[in-house]
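Note that our numbering has the sequence shown beginning at 35, numbered continuously upward. We put the beta carbon where it would ideally sit given N, CA and C, even for glycine. So the structure is just underneath, and the comments pick up after that.
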Amino acid sequence: MRYPSVTADSCYESKEGYNYLKEYNQIPYIKPQTYEKWKKRSFKKDISKRENMDYDREADTYIYQGGKKLSPLFCDTLLANVFVLKKS
């Protein structure tokens, strides 16, 4: 392997890109597109952002405020998972 790791700007961040690098056993160092937003207080307090929710890996659900669960509506190989709110 010529390059064991890859460093890139946020415009290269995509599920397809990460899958490609994983397929070729390369370690990605890619700045997330939302990195600058993550640093803001308003983002950290926004309960609608999945980064601010708990994730249950076993059930593949996010735990929304008040114990409500977000479960996958569908999964596409080209798109990230789409989640829908379900009352618990």
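Can you confirm whether residue i, when its beta carbon is compared against all beta carbons of chain C, has any partner nearer than 9 angstroms?
i	result
residue 96	As a matter of chain content, chain C is missing from the structure shown, which is built from one protein chain.
Could you check which residue in the options has the C-alpha nearest to that of residue i?
i	options	result
residue 57	38, 67, 91	38
residue 46	68, 82, 35	68
Using only the alpha-carbon positions, how far apart do residue i and residue j sit?
i	j	result
residue 122	residue 98	For residue 122, the predicted structure reports a pLDDT of 48, less than 50, and the residue's modelled location is therefore unreliable. A value from the coordinates is still provided. So the alpha carbons of these two residues sit roughly 10 angstroms apart.
residue 52	residue 61	9 angstroms
residue 43	residue 64	6 angstroms
residue 91	residue 102	15 angstroms
residue 73	residue 83	13 angstroms
residue 80	residue 94	21 angstroms
residue 40	residue 100	40 angstroms
residue 66	residue 54	17 angstroms
residue 113	residue 75	The predicted model places residue 113 with a pLDDT of 49, which falls under 50 and marks its position as unreliable; any figure quoted below should be read in that light. Their Cα atoms are separated by approximately 29 angstroms.
Where does residue i sit, in a helix, a strand or coil, going by DSSP?
i	result
residue 78	helix
residue 44	helix
residue 96	strand
If you measure between the beta carbons of residue i and residue j, is that distance less than 9 angstroms?
i	j	result
residue 96	residue 104	yes
residue 87	residue 59	no
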